[in-house]
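Below is one structure, written out as structure tokens; the observations come after it.
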Amino acid sequence: MNESGNWKKVEAFRDMNLHTLKNPAEIFMDIDSILSDLEIEYENTKMPDADPQILGDYKYYEYKLALECTFEDFTQFIINLEKSDKIFIIYELIFDNDNFSSKQQEINKSFEITLWAISFNETKKKTKKKKA
């Protein structure tokens, strides 16, 4: 970014995700809503601790899910996560690709996914040193 204001959409998205991780159950409601809308069966295999993990300039909650759905529904789940106003990182994805031929894509598959819900920490802006 050259000057403040050149990246209004990026800055607005960042501002929406500054210090937003307060309750892991609230964030999971967003994930649950996407899964429910798509009628994807799932099991929540790991809910995060009460306090978020810290990594560099951001905090995150880690969720592990076991999903049972078609490949098409799984793809739509990922697309809907990307459309969310929250930031999610797919940290790990495990699936068995047996019978993934085009004829078999309507059959439910098992997926295991590890998601991180991200929140940025506010950092001090770096200033350039002026040459003397």
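Mind the numbering: the sequence shown is residues 18 to 149 in my numbering, read in order. Here a beta-carbon is modelled for each residue, glycine too, at the ideal position from N, C-alpha and C.
- Between residue 135 and residue 98, the CB-CB gap reaches or exceeds 9 angstroms.
- Residue 84 is positioned such that its CB atom lies no closer than 9 angstroms to that of residue 108.
- Boundaries for residue 103: no alpha helix (DSSP H) harbours it, and the DSSP string shows neither H nor E there.
- Here residue 61 is near residue 80, since their CB atoms are less than 9 angstroms apart.
- By DSSP's assignment, residue 112 forms a beta bridge with 128.
- Under DSSP, residue 136 forms a beta bridge with 76.
- In the structure shown, the three-state DSSP call for residue 67 is coil.
- Membership of residue 43 in the alpha helix (DSSP H) is indicated by the continuous run 41 to 54.
- By the criterion of a C-beta distance shorter than 8 angstroms, residue 55 is surrounded in its chain by 86, 90, 93, 94 and 97, once the five residues flanking it on both sides are discounted.
- Residue 42 and residue 69 have their C-alpha atoms spaced approximately 12 angstroms apart.
- Under the three-state reduction of DSSP, residue 62 is assigned to strand.
- From the listed residues 72, 74, 75 and 63, the smallest Cα separation to residue 129 is found for 63.
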